[in-house]
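Here the sequence shown stands for residues -22 to -1, 1 to 254, numbered as in mature numbering (1 follows the signal peptide of the UniProt record, and there is no 0). Just below is one structure, and these are the notes that go with it.
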Amino acid sequence: MRFGVSIATALIASALMSGDVAGVAAPAAPAAGDKPVDVELVLALDVSYSMDLDELALQREGYAEAIVSKEFLQALKSGPTGKVAVTMFEWAASTDQKVIIPWVVIDGPESADAVAAEILKSSIRRASRTSISGAIAFAIPLLEENPYHGLRRVIDISGDGPNNNGMPVTMARDAALEKGIVINGLPIMVKEPSYSTMDIDNLDYYYEDCVIGGPGSFVVTIKNRDKFKEAIHTKLVMEVAGRVPERRVVPVADTPAEPRVSCMVGERIWQDRWGR
């Protein structure tokens, strides 16, 4: 089931730690030598040119502050092992991904502080094109080949525009879902749509219908720059705790048969403007 959540609803959910536990398929048995953790979490950060420098800084600071927060550390303790394995990478074009935090285990305040410090130390860069599909494709082997065995495996994608490079985003999404990986999204909608930045209306719908997937997957949308860090905090706490936002009840007759936003909208805009 896929669904979206407002900042207000998500903040209440994370603060109270209430809601349904995300249902997931039974994980495969760990291989010999695998290290048990509650979650294997890949944090994928958009660094395309449509992200301004202020947004890029807020994104880094938001993750660093969330990881050391009281709510995050409480969520960490709620799992059977009290440990999560995390890696973070930046992405732009289909061939442009850069790991900035290699796989590391967070199991308490000391390790959380160390990871937060590494996030803030890494230099900020920007790059061309937006390939959400490339980010997902890059994340899959990170989850398949790391030395940890999590009860849940999650790709957490933040971005401010639709896929416009690489394979169609739904192909990459479906490949991840086939492996039992959950994809959550953080669509960033703090600017008015602009011709020069490839922004679209209803990016939250695009993420809900075309990007996220898997049991308990969800979207936290940022529509206010002042709520940037709060949204990251909310999403990260829910992911670690295995919680999901309160579901929106949608009558069957109102359920759209097709995505509300074309899953190829980014590719079409790019083709219309630049013809390649």
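Cβ coordinates follow ideal geometry from the N, Cα and C atoms, glycine included. Just so it is clear, the structure is predicted and the values come from calculations on it, not from any experiment.
**OP:** Taking only the alpha-carbon atoms, compute the straight-line gap between V197 and I190 and give it to the nearest angstrom.
**Re:** Their backbone Cα atoms lie some 8 Å apart in a straight line.
**OP:** Determine the extent of the alpha helix (DSSP H) in which M149 is found, giving its start and end residues.
**Re:** V147 to E156 is the extent of the alpha helix (DSSP H) around M149.
**OP:** Could you round the C-beta distance between P58 and D16 to whole angstroms and report it? I think they count as a contact, below 8 Å.
**Re:** D16 and P58 do touch by the CB rule: their CB atoms are close to 6 Å apart, below 8 Å.
Original post:
Under the rule that 16 or more other beta-carbon atoms within 10 Å means buried, what is A92, buried or exposed?
Top reply: Classification for A92: exposed.
**OP:** Quick one: grab the DSSP three-state call for I110.
**Re:** DSSP places I110 in helix when its eight states are reduced to three.
**OP:** Could you say if the stretch 130 to 146 and the stretch 237 to 251 meet the contact criterion of at least three C-beta pairs nearer than 8 Å?
**Re:** The stretch 130 to 146 vs the stretch 237 to 251: in contact.
Original post:
If you scan the stretch 179 to 244 from start to end, which runs of the beta strand (DSSP E) of 3 or more residues do you find wholly inside it?
Top reply: Taking only runs of at least 3 residues, the beta strand (DSSP E) segments lying wholly in the stretch 179 to 244 are 195 to 198.
Original post:
Quick one, which of E88, Q52 and I102 has its alpha-carbon nearest A70's?
Top reply: Closest by C-alpha distance to A70, out of E88, Q52 and I102, is I102.
Original post:
In three-state terms, what does DSSP make of I(-11)?
Top reply: Low local confidence applies: a pLDDT of 31 at I(-11) is under 50, so the model's placement there is unreliable, with the coordinate-based value given in what follows. If DSSP states are grouped into helix, strand and coil, I(-11) belongs with the helices.
**OP:** Pick helix, strand or coil for S136, following the three-state DSSP scheme.
**Re:** In the three-state scheme derived from DSSP, where H, G and I count as helix and E and B as strand, S136 is classed as strand.
**OP:** Could you check what DSSP says for Y41 in three-state terms: helix, strand or coil?
**Re:** Look at Y41 here: in three-state DSSP terms it is helix.
**OP:** Taking all protein chains shown into account, decide if R238 is buried (16 or more other Cβ within 10 angstroms of its Cβ) or exposed.
**Re:** Per the 10 Å Cβ criterion, exposed.
Original post:
Residues in its own chain within less than 7 Å of A117 by CB, not counting five upstream and five downstream?
Top reply: Result list for A117: V20, A22 and I133, in chain order.
Original post:
So what's I102 in DSSP terms, helix, strand or just coil?
Top reply: Residue state, collapsed to three classes: coil.
Subject >> CA-to-CA distance, I200 to F206, given in whole angstroms >> reply: Taking the Cα positions, F206 is about 6 Å away from I200.
Subject >> Residue from E217, Y27, L54 and P125 with nearest C-alpha to P87 >> reply: Answer by Cα proximity: L54.
Original post:
Can you give the beta carbon distance from L121 to E49, rounded, assuming they're within the 8 Å contact cut?
Top reply: The pair is not a contact, with the Cβ atoms about 25 Å apart (cut-off 8 Å).
Original post:
Which residues in the same chain have their Cβ closer than 6 Å to the Cβ of V230, if we skip the five residues on either side of it in sequence?
Top reply: Low per-residue confidence applies at V230: pLDDT is 41, beneath 50, and the placement is therefore not dependable, though the value from the model is reported in the following sentence. Answer for V230: no residue qualifies.
**OP:** Express the C-alpha separation of L214 and M29 in angstroms, rounding to a whole number.
**Re:** Here the C-alpha atom of M29 lies approximately 21 Å from the C-alpha atom of L214.
Original post:
Under the three-state reduction of DSSP, which class applies to A115: helix, strand or coil?
Top reply: In this structure, A115 counts as helix in the three-state DSSP scheme.
**OP:** Under 8 Å by Cβ, that's how I've got D85 and G60 pegged, so tell me the actual separation to the nearest angstrom.
**Re:** Yes, they are in contact, since the Cβ atoms of D85 and G60 sit about 6 Å apart, within 8 Å.
Subject >> Classification of M149 by the beta-carbon crowding that lies within 10 angstroms, buried from 16 upward >> reply: That one is exposed.
Original post:
Taking buried to mean at least 16 other C-beta atoms within 10 Å of its own C-beta, is E208 buried or exposed?
Top reply: The residue is buried, with at least 16 neighbouring Cβ atoms inside 10 Å.
**OP:** Measuring alpha carbon to alpha carbon, tell me which of Q52, I135, A105 and E186 ends up nearest T65.
**Re:** Comparing alpha carbon positions, the residue from Q52, I135, A105 and E186 closest to T65 is I135.
**OP:** Could you have a look at R251 and say whether DSSP puts it in helix, strand or coil?
**Re:** In the structure shown, R251 sits in a helix (DSSP, three-state: H, G or I).
Original post:
Would Q52 be called buried (16 or more neighbouring beta carbons within 10 Å of its own) or exposed?
Top reply: With fewer than 16 Cβ atoms within 10 Å of its Cβ, Q52 is classed as exposed.
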